[in-house]
Amino acid sequence: MSEDQNPETIREIEGYDGPVGGWGSAKGIAAVGRTARSTPGALETLRRQNKPGGMMCVSCAWAKPPNPHPAEFCENGAKATLWDLTVSRCGPDFFRDHAVSELATWTEFELEREGRLTHPLRYDAGSDRYVEATWEEAFDTIGAELRKLDPKKVTFYASGKAALEPSFLYGVFARAYGHTNLPDSSNMCHETTSVGLKKVIGSPVGTCVLDDFDHCDMIIHVGQNPGTNSPRILHPLQKAVERGCCIVAINPLREKGLLEFANPQSPWQMTVGAPTEIADCYLQVRVGGDIAALTGIAKHVLALEETQGGVLDHDFLQTHCAGLQDWMDWVSATPWDRLEQVSGLTRAEMERIGAHYAKAKAVMGIYGMGVTQHVYGSDSIGALVNLLLLRGNIGRKGAGCSPVRGHSNVQGQRTVGITEKPKLVPNDTLRDLFGIKPPTEEGWNTTTFVEALLEGEAQGFIGLGGNLARAVPDQDRVAEAWGQMPLTVHVATRLNRTHLMPGKSSWILPCLVRAEEDLKNRENQQVTIEDSFSHIYGSIGKRTPAARTLKSEVDIVCGLAAATLPPNPKLAWDEWARDYSRIRALIETVYPDDFRDFEARMNQPGGFYRGNPAREREWKTETGKAQFTVPADLDATGLGETPGIYRLVTLRSNDQFNTTVYGMSDRLRGIEGDRMLIMMSPQDMEAEGLKPEQRIALQGAADDGIARQVEGLRVLPYDLPRGCIAGYFPELNPLSPLSRRDKLSDTPAAKGIPVRLAV
Ligand SMILES: Nc1nc2c(c(=O)[nH]1)N[C@H]1C(S)=C(S)[C@@H](COP(=O)(O)OP(=O)(O)OC[C@H]3O[C@@H](n4cnc5c(=O)[nH]c(N)nc54)[C@H](O)[C@@H]3O)O[C@H]1N2
Ligand SMILES: Nc1nc2c(c(=O)[nH]1)N[C@H]1C(S)=C(S)[C@@H](COP(=O)(O)OP(=O)(O)OC[C@H]3O[C@@H](n4cnc5c(=O)[nH]c(N)nc54)[C@H](O)[C@@H]3O)O[C@H]1N2
Ligand SMILES: [Mo]
Numbered sequence: 044m045s046e047d048q049n050p051e052t053i054r055e056i057e058g059y060d061g062p063v064g065g066w067g068s069a070k071g072i073a074a075v076g077r078t079a080r081s082t083p084g085a086l087e088t089l090r091r092q093n094k095p096g097g098m099m100c101v102s103c104a105w106a107k108p109p110n111p112h113p114a115e116f117c118e119n120g121a122k123a124t125l126w127d128l129t130v131s132r133c134g135p136d137f138f139r140d141h142a143v144s145e146l147a148t149w150t151e152f153e154l155e156r157e158g159r160l161t162h163p164l165r166y167d168a169g170s171d172r173y174v175e176a177t178w179e180e181a182f183d184t185i186g187a188e189l190r191k192l193d194p195k196k197v198t199f200y201a202s203g204k205a206a207l208e209p210s211f212l213y214g215v216f217a218r219a220y221g222h223t224n225l226p227d228s229s230n231m232c233h234e235t236t237s238v239g240l241k242k243v244i245g246s247p248v249g250t251c252v253l254d255d256f257d258h259c260d261m262i263i264h265v266g267q268n269p270g271t272n273s274p275r276i277l278h279p280l281q282k283a284v285e286r287g288c289c290i291v292a293i294n295p296l297r298e299k300g301l302l303e304f305a306n307p308q309s310p311w312q313m314t315v316g317a318p319t320e321i322a323d324c325y326l327q328v329r330v331g332g333d334i335a336a337l338t339g340i341a342k343h344v345l346a347l348e349e350t351q352g353g354v355l356d357h358d359f360l361q362t363h364c365a366g367l368q369d370w371m372d373w374v375s376a377t378p379w380d381r382l383e384q385v386s387g388l389t390r391a392e393m394e395r396i397g398a399h400y401a402k403a404k405a406v407m408g409i410y411g412m413g414v415t416q417h418v419y420g421s422d423s424i425g426a427l428v429n430l431l432l433l434r435g436n437i438g439r440k441g442a443g444c445s446p447v448r449g450h451s452n453v454q455g456q457r458t459v460g461i462t463e464k465p466k467l468v469p470n471d472t473l474r475d476l477f478g479i480k481p482p483t484e485e486g487w488n489t490t491t492f493v494e495a496l497l498e499g500e501a502q503g504f505i506g507l508g509g510n511l512a513r514a515v516p517d518q519d520r521v522a523e524a525w526g527q528m529p530l531t532v533h534v535a536t537r538l539n540r541t542h543l544m545p546g547k548s549s550w551i552l553p554c555l556v557r558a559e560e561d562l563k564n565r566e567n568q569q570v571t572i573e574d575s576f577s578h579i580y581g582s583i584g585k586r587t588p589a590a591r592t593l594k595s596e597v598d599i600v601c602g603l604a605a606a607t608l609p610p611n612p613k614l615a616w617d618e619w620a621r622d623y624s625r626i627r628a629l630i631e632t633v634y635p636d637d638f639r640d641f642e643a644r645m646n647q648p649g650g651f652y653r654g655n656p657a658r659e660r661e662w663k664t665e666t667g668k669a670q671f672t673v674p675a676d677l678d679a680t681g682l683g684e685t686p687g688i689y690r691l692v693t694l695r696s697n698d699q700f701n702t703t704v705y706g707m708s709d710r711l712r713g714i715e716g717d718r719m720l721i722m723m724s725p726q727d728m729e730a731e732g733l734k735p736e737q738r739i740a741l742q743g744a745a746d747d748g749i750a751r752q753v754e755g756l757r758v759l760p761y762d763l764p765r766g767c768i769a770g771y772f773p774e775l776n777p778l779s780p781l782s783r784r785d786k787l788s789d790t791p792a793a794k795g796i797p798v799r800l801a802v
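Count the sequence shown with the numbering used here and you get residues 44 to 802, in order.
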């Protein structure tokens, strides 16, 4: 074991305090360190991670505080860095030894474990192998292929990791080339927020900032798994609990990160002390039961107003809100037994939270994929906002609505123009600045791209990161169609399954990771990213690149654009690639309000805030007010009750970042060694006659006439509501129907997938 793979050494980083804490997380990092075989310099990067002048984490989009801890990284942030800074290399030799059809049978874990991609690769159909290419050959050929294709049938996907600079240029490249088919991983994630939250409060992003955690006295935390997916949130949560703040968790799974938190910064807690209890109230809602649960809580608040008075914030409601009466009529017409049935909670449970809410002075509503990835996900966000509005809990200190974003720069990519919706970008400015004609019709989002692919319409694909064919619904159908595209290009750091579905002309272009030095004329280039709280930070990599043949994402976007587009003196790709401050100047010109004094402010501690009108109670909605909404369905899955149909949740283990699987441990859920499994309530297991560890198959039960099946799933007894089961993404994606997606935003419903057991 090398020095930096040892848990004791990880602990030596002064003050390491990996949330969901305790020795388990230090060991978890060490185990991944061993698999990743990270470079000795990785520890130095961790030490400076998420601090001014350091590298901003490539894992989640949680805030980087102005006053960081000595070690401002978590277990999973550390894993992501160690994974990037591996000594393993996946170079041309590897591809000589393995045919693509062979590699296509490997798991994501086996593929990524081969290490960093080092050379541009071209697919050679004759030998069924990826072969080494030069950058010049890659850019020239891809440019020539793109010129042959109809731009409207080409898609430029972005997975939310690439920084603001390459993302901005990628959007300009797409529009100059002639399309707005700019899906983002956000389309599978918080697009429900971009559309659903925007609809009700006029803001496509959250209204809270880090400081609000110091001023709230109640947090309603819905459908998000902090222990695994944003562990650094556990610090402010813990501090809030210690101040006496009440935390209500609404989640069908009893997630450990929400239940308790052993803080290794207090040594007594590591050894003998009791962990801080985080969730005062844990509501184990049924999958898709959030609209009903939140409405039940609100119904009790309304009842208290009637019996006691003084509960609602009448001034706020009158001045700032619309739709209150219609919504109140609907609430009073919705009986308790229906709310109990759909939420799976008791009236007493909902009333208890309602009573607490009616007294709380400042309440934050925090949510994740358990809310957004539903057929009525936007309505679930609406239900949370309805509750917050009743007591004016948006737009003041300690209160607000806070989606926890996924990829580290996913919010930022949308901010700088990665969107299929022309109305969200200042097209006139782009036209004048760059002398281009940005298309005005809406492009493909992720799901409409997949539909076009299945219909044989999609002709070309460029992926700026990601593993799209594996992340989308209906994985099996997508895998069959993917290779029909004449052109597929992947800008990537490690090999994944999507790369192994080559189109007729197929390329892998290997790039630097954020932790690596990016020298231009001896100047190390910074990039910038935006977090969940709309703060923007500079990030600088200092590690020696994994190979001299790598290029930065900026270089690659500029190289592809220059090789594709006709000469245009206003599109100075070569110059921009040499000096990223010039790209930031362009971003500031195009988005002057958000990026004022960009260059000067990007390295200030805690980043700079780009502001949010809803936080100031300025509502950019259709009515100009914050909007109460009556949901289209009380059940966010829209499934109703059919005997034999289970609601499947697909989620992340503690040892993965999306489709990147670091190992086989889901430590916080006590699950080890395997990912082909489903968690099920012991009562359901008994009713179905299932034994623990028995292997079964799941069949899709959507009413679209398409057969779907995944076999070989181990059944584990787990504390879940009846009728609800859970398992891992992406292995279960063949069961997720493309047709089931949020009605407003098209976000695939990766939660509440209807399935039957096939024993
Ligand atoms: N380590 C690590 N960090 C990550 C990621 C990762 O894969 N690994 N992924 C990143 C990305 S891109 C994203 S989007 C985020 C995702 O982070 P999360 O939003 O936490 O996403 P999931 O893991 O899908 O977990 C969703 C949670 O919702 C709960 N849930 C499921 N269905 C329902 C429901 O109907 N109602 C309620 N109330 N809860 C429900 C599940 O039990 C689970 O706790 O994390 C980001 N951070
Ligand atoms: N069933 C189900 N499906 C889901 C979800 C779910 O909860 N359930 N969650 C959805 C969500 S929230 C999301 S965000 C998507 C994720 O979908 P994606 O963002 O498309 O997938 P990732 O797994 O994050 O992409 C991993 C790949 O990105 C590449 N990569 C890693 N780092 C870098 C980098 O720095 N630069 C570049 N260029 N490439 C890099 C590597 O090659 C790696 O293999 O999946 C969605 N799909
Ligand atoms: Mo995500």
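Even for Gly, the Cβ is constructed at its ideal location relative to N, Cα and C.
Asked, Found
"Only counting the same chain, and skipping five residues up and downstream in sequence, which positions put a Cβ closer than 6 Å to that of N470?", "P481"
"Rounded to a whole number of angstroms, what is the C-alpha to C-alpha distance between D785 and Q267?", "18 Å"
"As an exercise, report each continuous beta strand (DSSP E) stretch of at least 3 residues that is fully enclosed by the segment 380–456, in chain order.", "406–410 and 443–446"
"Any heavy atom of ligand 4 closer than 8 Å to the CB of S228?", "This structure does not include ligand 4; its bound ligands are ligand 1, ligand 2 and ligand 3."
"Output the distance between the C-alpha atoms of T680 and R690, rounded to the nearest integer angstrom.", "8 Å"
"List the residues that DSSP assigns as beta-bridge partners of N567.", "L562"
"Using 10 angstroms around the beta-carbon of V14, count the other beta-carbons present and answer buried if the total reaches 16, otherwise exposed.", "This structure does not reach residue 14, given that the chain is present from 44 up to 802, and the question cannot be answered."
"If contact is defined by three or more beta carbon pairs under 8 Å, each pair taking one atom from either stretch, is the segment 223–241 in contact with the segment 401–416?", "yes"
"Any idea what DSSP makes of D167, helix, strand or coil?", "strand"
"Note down the Cα distance separating Y580 from T702, rounded to an integer number of angstroms.", "26 Å"
"Whose CA, out of G239, R591 and L296, lies closest to the CA of V265?", "L296"
"Is G438 near ligand 1, with its Cβ less than 8 Å from a heavy atom?", "no"
"What residue range is occupied by the uninterrupted beta strand (DSSP E) comprising W149?", "First-last for W149: undefined, no H or E at that position."
"Any heavy atom of ligand 2 within a distance shorter than 8 Å of the CB on A744?", "no"
"As a quick exercise: from K404, D257 and N697, pick the residue whose alpha carbon is nearest that of V75.", "N697"
"For C100, write down the residues that DSSP places opposite it in a beta bridge.", "DSSP lists no partner for C100."
"Quick check on the burial criterion: 16 or more other C-beta atoms within 10 angstroms. Buried or exposed for N306?", "Confidence at N306 is low in this model, with a pLDDT of 48, below 50, so the placement of that residue is unreliable and no value is reported for it."
"Alpha helix (DSSP H) containing W817: first to last residue?", "This structure gives no information on residue 817, because the portion of the chain shown stretches from 44 to 802."
"Roughly how many whole angstroms lie between the Cα atoms of T825 and V174?", "Because the chain here runs from 44 to 802, residue 825 falls outside it and cannot be looked at."
"So, for F477: in the same chain, excluding its five sequence neighbours on each side, which residues have a beta-carbon less than 8 Å away from its beta-carbon?", "V215, A219, N611, K613 and L614"
"Let's test the definition: count the other Cβ atoms within 10 Å of the Cβ of D747 and tell me whether it reaches 16, buried, or not, exposed.", "exposed"
"Starting from the N-terminal side, write out each stretch of the beta strand (DSSP E) that is 3 residues or longer and does not extend beyond the segment 192–238.", "197–201"
"Please tell me whether, using a cut-off of 8 Å, the distance from the CB of F700 to the nearest non-hydrogen atom of ligand 2 is below it.", "yes"
"Looking only at its own chain, which residues have a Cβ that is under 7 Å from the Cβ of M707, when we skip the five neighbours before and after it?", "D698, E715, G716, D717 and R718"
"Round the Cβ separation of A776 and P516 to the nearest angstrom and send it over; I've been treating them as touching at under 8 Å.", "According to the sequence displayed, residue 776 carries Asn and not Ala. Indeed they touch by this definition, with Cβ atoms about 6 Å apart."
"Going by CA-CA distance only, name the one from R658, G486, L128 and W525 that's closest to T250.", "R658"
"Are K794 and H450 close, meaning C-beta to C-beta below 9 Å?", "no"
"Of the choices C364, E394 and T607, whose alpha-carbon is the least far from that of F671?", "C364"
"So if DSSP puts Y634 in a beta bridge, which residue, or which two residues, is it bridged to?", "In DSSP, Y634 forms no bridge with anything."
"Assuming C259 and G441 make a contact with CB atoms under 8 Å, what is their CB distance in whole Å?", "4 Å"
"Tell me the rounded alpha-carbon separation between T571 and V459.", "11 Å"
"Go through its chain and collect everything with a Cβ distance to V315's Cβ below 8 Å, but skip five positions before and after it.", "Interpretation of V315 is limited by its pLDDT of 46, a score under 50 that renders its predicted location unreliable; no figure is taken from the coordinates."
"Taking 8 Å as the cut-off, is the C-beta of E596 nearer than that to any heavy atom in ligand 2?", "yes"
"Do you know offhand how far S575's Cα is from E731's?", "42 Å"
"Measure how close the beta-carbons of S595 and D561 come, nearest whole angstrom, since I'm counting them as under 8 Å.", "5 Å"
"Whose C-alpha, out of T592, R653, L756 and G654, is nearest the C-alpha of T177?", "T592"
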